[in-house]
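The working numbering puts the first residue of the sequence shown at 12, with every later residue one more than the last.
Glycine is no exception: its CB is placed at the ideal position from the N, C-alpha and C atoms.
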Amino acid sequence: MSQIIYKIAPEALWREAEKNGRFTGAPIDIADGFIHFSTAAQVRETAARHFAGQRDLLLIAIDGNRLGDALKYEVSRGGALFPHLYAALSLDAVVWAKPLPLGAGGHEFPALEGE
Numbered sequence: 012m013s014q015i016i017y018k019i020a021p022e023a024l025w026r027e028a029e030k031n032g033r034f035t036g037a038p039i040d041i042a043d044g045f046i047h048f049s050t051a052a053q054v055r056e057t058a059a060r061h062f063a064g065q066r067d068l069l070l071i072a073i074d075g076n077r078l079g080d081a082l083k084y085e086v087s088r089g090g091a092l093f094p095h096l097y098a099a100l101s102l103d104a105v106v107w108a109k110p111l112p113l114g115a116g117g118h119e120f121p122a123l124e125g126e
């Protein structure tokens with residue numbers, strides 16, 4: 012059974028990762044030493060807090076089971092456990108990447124596994 016986690020990333024940054032075959036993270040990920048992810052229950056709040064008003068974003072679904080021991084769930088916002096990856100993300104673990112359009116009420120999400 013897959014364990015789907017999500018990453019929000021600027022489209023240009025993701026397209027660069029596709030060329031390189033791996034995603035090393037956004038600037039905040041690099042500064043923190045791990046790649047930040049969210050569960051389905053967390054990703055909407057992540058978008059509202061950290062990506063409000065931003066366009067040209069992608070929502071990337073990742074099979075967390077394919078990330079091995081480098082994936083850790085650690086306490087973050089409000090005491091909740093968030094998935095953090097202490098390695099580059101191999102694109103082999105990506106299930107899909109979809110546009111995350113900005114509507115009048117915020118970002119418009121597709122149906123998410125795990126909601």
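I'd like the span of the alpha helix (DSSP H) that includes residue i, first residue to last.
i: L102; result: Taken as a continuous stretch (DSSP letters only), L102 belongs to no alpha helix (DSSP H), as it is neither H nor E.
i: I123; result: Rather than Ile, the amino acid found at residue 123 in this sequence is Leu. It is not in any alpha helix (DSSP H) - L123 carries neither H nor E in the DSSP assignment.
On a CA-only basis, which of the options is nearest residue i? Give me that one, please.
i: A122; options: G116, V54 and V86; result: V54
i: A108; options: F120, D80, G79 and P94; result: F120
i: I19; options: A37, N31 and E29; result: A37
i: G75; options: Y97, D67 and R26; result: Y97
i: Q14; options: H47, L92, I41 and A51; result: A51
i: D40; options: H118, L111 and L24; result: L24
i: F45; options: G114, Q65, H95 and V106; result: H95
i: E22; options: Q65, D43, G89 and E85; result: Q65
i: A81; options: N31, R26, R88 and H47; result: H47
i: A91; options: D43, G116, T57 and R26; result: T57
I think residue i touches residue j, with their Cβ atoms under 8 Å apart; what is that distance to the nearest whole Å?
i: I16; j: S49; result: 7 Å
i: P110; j: L69; result: 6 Å
Which residues share a DSSP beta bridge with residue i?
i: R33; result: S101
i: F93; result: E85
Can you tell me where the beta strand (DSSP E) holding residue i begins and where it ends?
i: P38; result: Taken as a continuous stretch (DSSP letters only), P38 belongs to no beta strand (DSSP E), being part of the alpha helix (DSSP H) at P38 to D43.
i: A72; result: L68 to D74
i: A138; result: Residue 138 lies beyond the residue range present for the chain, which begins at 12 and ends at 126; the question has no answer from this structure.
i: A20; result: I15 to P21
Task: At least three beta-carbon pairs within less than 8 Å, the segment 59-68 to the segment 89-104 - done: no
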